[in-house]
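In my numbering, the protein residues as written are 38 to 122.
Shown next as structure tokens:
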């Protein structure tokens, strides 16, 4: 099994957040929130959405995009698209 396929869905989602928002190692993903996490503004939000969609090969609705304001909500939203966590 390769490293990529060994990564859990949570690990993959964390990587998408880290890549899109340039998060430092050791980030507490439980505290991430739109507009209160440094760098997570409207432009970064769209980059994050694109990164998550590409990571999981899914397409979010407008409501999904608007509602995705924390890591936990993002995880719930991705799960609704058939990804097992």
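For glycine and all other residues, C-beta sits at the position ideal for the given N, C-alpha and C.
By a C-beta neighbour count over all protein chains shown, 10 Å radius and 16 as the cutoff for buried, is residue i buried or exposed?
| i | result |
| --- | --- |
| residue 115 | buried |
| residue 105 | buried |
| residue 89 | buried |
Sort the options by Cα distance to residue i and report the nearest one.
| i | options | result |
| --- | --- | --- |
| residue 91 | 45, 46, 44 and 53 | 53 |
| residue 68 | 122, 51 and 79 | 51 |
| residue 62 | 48, 71 and 96 | 48 |
| residue 75 | 118, 109 and 60 | 60 |
| residue 120 | 93, 110, 78 and 80 | 93 |
Less than 8 Å between the CB atoms is what I'm expecting for residue i and residue j, so what's the real figure, rounded?
| i | j | result |
| --- | --- | --- |
| residue 85 | residue 57 | 4 Å |
| residue 70 | residue 107 | 5 Å |
| residue 112 | residue 122 | 6 Å |
According to DSSP, residue i sits in a beta bridge with which residue or residues?
| i | result |
| --- | --- |
| residue 107 | 70 |
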